[in-house]
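Participant:
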Ligand code: XIL
């Protein structure tokens, strides 16, 4: 088992002490990661990026100074990418990939098969053959375009049904309905054929909390992964999205067991979309930031105890541009504070937590993204 550098209680105390200090000086703290850490992270840290902000110098600087990797936030979703069944519009994803290449950042692609943000024409697919052909062509085209460049893919995103205890536990998406549960294996095999060296990830939400419902969701993921591996289908990692609600309890023992089970199958764990949904937290920004950092620590430490985090990505760069501000707003109307950099790009306690895991948890000889 891989241990983080500091015992958990001492880390929390150190974190809280530092946070107290932060409160005293405003939030304007120096970078916590020494410059010498750059270039040799143990757990690559990434962030989701939108093309429309890449023209802003402070946005770009924040990415290159705090992160090792980027992931496309909306650029590769079919609503944006596929205006009609034939054509692909790679303008946004190309811009993000070009930026990452120019600045030496690793890249993850999100997401090849995802029921969210799809074009209306997708509903007009009627037969298994049409759905399978379309899915295969899309994967071959997208992965093929970025072969050797995008090192890790969310191949199927959010396939678990909201009623995971019923039947197969799979969400009845257009692919599940027309192709059947095997669509996951077909997608993985197609992605592997298009880029044999890419890391292939199955990612989902609500894999971290305490309750029967979340046990059921973890069980579906494990069942699917075991079944795929038994059949020789390539799946390299499970993504725990990690959209952490402030009022839910991270089930540390269950997460640790889940990760250990995956590790025993040879499957890595990537935290793919970390942020803290702070609707239930008090208004005071310093208290909110401290609670958020603690909630993230609970998840990351539990994953570490289960065998280690392959890589961790936050869902956005700065509070200024987080999806939570319109998808998960606060009742009191205050701006949300889900990320590690605030709206003025100042580091928050969450950054300290992330840098702690970035430096310490994954064995140094493991390649960051590729297998
Ligand atoms: C979100 C994006 O951040 C928003 O810009 C968009 O409006 C909606 O989708 N889980 C996922 C992501 O897998 O694709 C979602 O991203 C957030 C939840």
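In the numbering used here, the protein residues as written are 3 to 373. Using N, Cα and C, we set each Cβ at its ideal position, and we do this for glycine too.
Quick check on DSSP: helix, strand or coil for residue 353?
Facilitator: The answer is helix: DSSP assigns residue 353 an H, G or I state.
Participant: Quick one: what does DSSP say residue 211 is sitting in, helix, strand or coil?
Facilitator: The answer is strand: DSSP assigns residue 211 an E or B state.
Participant: Which partner residues does residue 270 have in the DSSP bridge list?
Facilitator: Answer is 239, bridged to residue 270.
Participant: For ligand 1, is there any heavy atom lying closer than 7 Å to the beta carbon of residue 61?
Facilitator: Flag unset: Cβ of residue 61 not near ligand 1.
Participant: Inspect the beta-carbon positions of residue 201 and residue 245 and report whether they are closer than 8 Å.
Facilitator: No; because the gap between Cβ atoms is not below 8 Å, this pair is not in contact.
Participant: What is the rounded straight-line gap between the Cα of residue 357 and the Cα of residue 296?
Facilitator: Residue 357 and residue 296: Cα-Cα distance of roughly 14 Å.
Participant: Could you tell me which of 263, 251, 71, 292 sits nearest to residue 50, measuring between CA atoms?
Facilitator: Ranking the options by Cα distance to residue 50, first place goes to 71.
Participant: Is residue 75 close to ligand 1? I mean its beta-carbon at under 7 Å from any heavy atom of the ligand.
Facilitator: Checking every heavy atom of ligand 1 against the Cβ of residue 75, one is found closer than 7 Å.
Participant: Does the beta-carbon of residue 1 have 16 or more other beta-carbons within 10 angstroms, so that it is buried, or is it exposed?
Facilitator: With the chain covering 3 to 373 only, the question about residue 1 has no answer from this structure.
Participant: Taking its Cβ as the centre, do 16 or more other Cβ atoms sit within 10 Å of residue 286, making it buried, or is it exposed?
Facilitator: Label assigned to residue 286: exposed.
Participant: I'd like to check one pair, residue 338 with residue 348: are the Cβ atoms closer than 8 Å?
Facilitator: No; because the gap between Cβ atoms is not below 8 Å, this pair is not in contact.
Participant: How long is the line joining the alpha carbons of residue 122 and residue 85, rounded to whole angstroms?
Facilitator: Going from the Cα of residue 122 to the Cα of residue 85 covers about 9 Å.
Participant: Is residue 112 near ligand 1 - that is, is its Cβ less than 7 Å away from at least one heavy atom of it?
Facilitator: Yes, since a heavy atom of ligand 1 falls inside the 7 Å radius drawn around the Cβ of residue 112.
Participant: Whole alpha helix (DSSP H) runs in the stretch 70–142 with 4 or more residues, listed along the chain?
Facilitator: For the stretch 70–142, whole alpha helix (DSSP H) runs of length 4 or above, ordered along the chain, are 80–83, 93–105.
Participant: Going by alpha carbons, who is nearest to residue 217 out of 176, 165, 115, 173?
Facilitator: If we check each option's Cα against that of residue 217, 165 comes out closest.
Participant: Who pairs with residue 48 in a beta bridge, going by DSSP?
Facilitator: Partner(s): 71, 315.
Participant: Below 6 Å CB to CB, which residues in the same chain sit around residue 186 once its five sequence neighbours on both sides are set aside?
Facilitator: Excluding residues within five positions, the ones whose Cβ falls inside 6 Å are 158.
Participant: What residues match up with residue 201 in a beta bridge as DSSP calls it?
Facilitator: Partner(s): 154.
Participant: Mind checking whether residue 272 and residue 203 have CB atoms under 8 Å apart?
Facilitator: Going by C-beta atoms, residue 272 is nearer than 8 Å to residue 203.
Participant: What is the DSSP secondary structure of residue 188, counted as helix, strand or coil?
Facilitator: Note: residue 188 maps to helix in three-state DSSP.
Participant: Looking at the unbroken beta strand (DSSP E) that takes in residue 1, where does it start and where does it end?
Facilitator: The structure shown does not extend to residue 1, since the chain is modelled only from 3 to 373, so the question has no answer here.
Participant: Taking 6 Å as the limit between beta carbons, can you name the residues of its chain near residue 249, skipping five residues before and five after?
Facilitator: Result list for residue 249: 282, in chain order.
Participant: Which partner residues does residue 245 have in the DSSP bridge list?
Facilitator: Beta-bridge pairing links residue 245 to 277.
Participant: If you drop the 5 nearest sequence neighbours on each side, which residues of the same chain put their C-beta closer than 8 Å to that of residue 174?
Facilitator: These residues qualify, in order along the chain: 163.
Participant: Would you please state the rounded distance, in angstroms, between the beta carbons of residue 189 and residue 120? I believe it to be under 8 Å.
Facilitator: Contact flag wrong, Cβ pair sits at about 15 Å.
Participant: Using a threshold of 8 Å, state whether the C-beta atoms of residue 160 and residue 215 are closer than that.
Facilitator: Not in contact: residue 160 and residue 215 (Cβ atoms no closer than 8 Å).
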